[in-house]
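The structure under discussion appears below in the form of structure tokens.
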Amino acid sequence: MQLNHVLVRTTDLDAMTHFWRELIGLEVGARPPFQSRGAWLYSDGEPLIHLIEVPAIGGDGCVDHMALEGGDYETLRARLEAGRADFRETSVPESGDRQLFVRGPDGLRVELLFRNGEERPK
195 MQLNHVLVRT
205 TDLDAMTHFW
215 RELIGLEVGA
225 RPPFQSRGAW
235 LYSDGEPLIH
245 LIEVPAIGGD
255 GCVDHMALEG
265 GDYETLRARL
275 EAGRADFRET
285 SVPESGDRQL
295 FVRGPDGLRV
305 ELLFRNGEER
315 PK
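Quick note, our numbering runs 194 ahead of the 1-based positions in the sequence shown.
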């Protein structure tokens with residue numbers, strides 16, 4: 195597996211986009227048509243930081259989750275079920291990429307991403 199992206203919550207999408215674009219040097223790029231307002235920032239042609247606008251930042255802070263890409267979907271899903279993990283399955287609009295969102299200790303949220311519904315190299 196490898197790190198795919200980090201999702202950051204913000205109350206001011208324009209200011210946070212400016213921060214990542216102008217100060218850090220990432221580029222704004224394509225984003226699937228999610229229902230939420232947000233932006234994706236790219237490094238070397240790959241989306242690295244996902245932004246989502248929220249009305250307020252709670253006690254969890256501004257980092258919502260980290261995403262790991264790759265691995266064996268069926269094995270990971272079976273392991274989560276066997277361990278009675280708190281998880282949910284979704285898919286990305288248009289691309290059909292599969293996602294498993296898992297809750298860990300201390301409120302940790304991890305997204306496991308599988309491109310186009312297929313297993314990726316480990």
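Just so it is clear, CB atoms sit at the ideal spot from N, CA and C, and this is done for glycine as well. All values derive from a computational prediction rather than experimental measurement.
Buried or exposed by the 16-neighbour rule on C-beta atoms within 10 Å, applied to residue i
i, result
"G198", "In the sequence as presented, Gly is not what sits at residue 198; that position holds Asn. So N198 ends up on the buried side."
"V202", "buried"
"A233", "buried"
Member of the options whose CA lies at the smallest distance from the CA of residue i
i, options, result
"D280", "I243, Y267, P249 and R297", "R297"
"P241", "V257, Q229, G223 and M210", "G223"
"M195", "G264, G301 and E305", "G264"
"L302", "R282, F213 and H259", "H259"
"L307", "E288, A261 and S289", "A261"
First through last residue of the beta strand (DSSP E) which encompasses residue i
i, result
"T284", "D280 to S285"
"L302", "Unbroken run through L302: none, as it is neither H nor E."
DSSP-derived helix/strand/coil call for residue i
i, result
"E273", "For clarity, residue 273 is Arg in the given sequence; the question names Glu instead. Looking at R273 - three-state DSSP - the assignment turns out to be helix."
"E263", "strand"
Residues bridged to residue i (per DSSP)
i, result
"Y236", "E221 and P241"
"V257", "V202"
Where the alpha helix (DSSP H) through residue i begins and ends
i, result
"D208", "L207 to H212"
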